[in-house]
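Protein chains in written order, with our numbering: chain A, 884 to 997; chain B, -4 to 112.
This is the structure in structure tokens:
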């Protein structure tokens, strides 16, 4: 069974600084997708960034980028120029292609210090 | 269309009562997923539908849980004879089968928070 591990229950970062959240996963599949979701307090989960496993290039979305290491099964999220609004729970998630559900990690709570 | 909606947002019930939650997906999405999220954990998959067909159920979905999606539109999740262990956030997500930038992306609703006393 596929598993997703987030080893950092909590992280903090100074405003305007850079922070990296870690994620590792276990799978025997070759075709899959990886996601980072953000869940602000009492608000709904939104997608931050996605990565297709067949793509070697790391995905970027404005201040958010990933370091995808397929051989190591590692998928970390880097947030640059952190803002107060980035404070939230961040979940790493995995899914295979097609009609399959997401498998989530336990999350990392990110605090941003002004 | 403003996204996935769920009702009610909060539900408090006494142990042993039945509860029903509703999810309205994004209108053109044919896939609908239910997840459960307990405090301090990531969401865990419960079940999913493609159109009106329930295609997969997690072992987390005990006999007290039932889900439906009549006509492939909204979905309901019913919990019978609720237990305190059922207290959690119940999340609904939908996705489209068509290819494009959002293919394989699931869009989440705000969730229904259930408290069983």
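Note that beta-carbon positions come from the ideal geometry of N, C-alpha and C, so glycine has one too.
Residue state for residue 921 of chain A is assigned as strand, using DSSP reduced to three classes. Taking each of B:72, B:64 and B:36 in turn and checking the Cα distance to residue 56 of chain B, the smallest one comes out for B:72. Under a criterion of Cβ atoms nearer than 8 angstroms, the residues of chain A adjacent to residue 43 of chain B are, in order, 982 and 984. Neighbourhood of residue 50 of chain B in chain A, by CB distance below 8 angstroms: 982, in chain order. By the CB criterion at 8 angstroms, residue 994 of chain A and residue 895 of chain A fall inside the cutoff. An exposed status is given to residue 923 of chain A, since fewer than 16 other beta-carbon atoms sit within 10 Å of its beta-carbon.
In this structure, A:991 is the residue among A:991, A:997 and A:948 with its C-alpha nearest to the C-alpha of residue 35 of chain B.
Residue range 971 to 979 is occupied by the beta strand (DSSP E) that includes residue 975 of chain A.
Residue 956 of chain A sits in coil when the DSSP states are folded into three classes, being neither helix nor strand. Excluding five sequence positions before and after residue 897 of chain A, the CB atoms of its chain that fall closer than 6 angstroms to its own CB belong to 996, given in chain order.
Residue contact with chain A for residue 75 of chain B: absent (no Cβ-Cβ distance below 8 angstroms to any residue of chain A).
Here residue 10 of chain B is exposed: its Cβ has fewer than 16 other Cβ atoms, across all protein chains shown, within 10 Å. A straight-line Cα-Cα distance of about 18 angstroms links residue 955 of chain A and residue 933 of chain A.
Pairing residue 29 of chain B with residue 52 of chain B, the inter-Cα distance amounts to about 10 angstroms. Contact check between the region 9 to 24 of chain B and the region 966 to 977 of chain A: fewer than three CB pairs, one atom from each, fall below 8 angstroms, which does not count as touching. Within its own chain, the residues whose Cβ lies closer than 6 angstroms to the Cβ of residue 40 of chain B, once the five positions on either side in sequence are excluded, are 30 and 53, listed in chain order. Taking CB atoms only, residue 974 of chain A has a neighbour in chain B less than 8 angstroms away. B:87 is the residue among B:12, B:-3, B:87 and B:76 whose C-alpha sits nearest the C-alpha of residue 43 of chain B. Here residue 930 of chain A has 918 and 920 as same chain residues with Cβ atoms under 7 angstroms from its own Cβ, once five neighbours each way along the sequence are excluded.
Straight across, the Cα-Cα distance linking residue 82 of chain B with residue 111 of chain B is about 5 angstroms. Taking a Cβ-Cβ threshold of 7 angstroms, the residues of chain B close to residue 916 of chain A are 99, in chain order.
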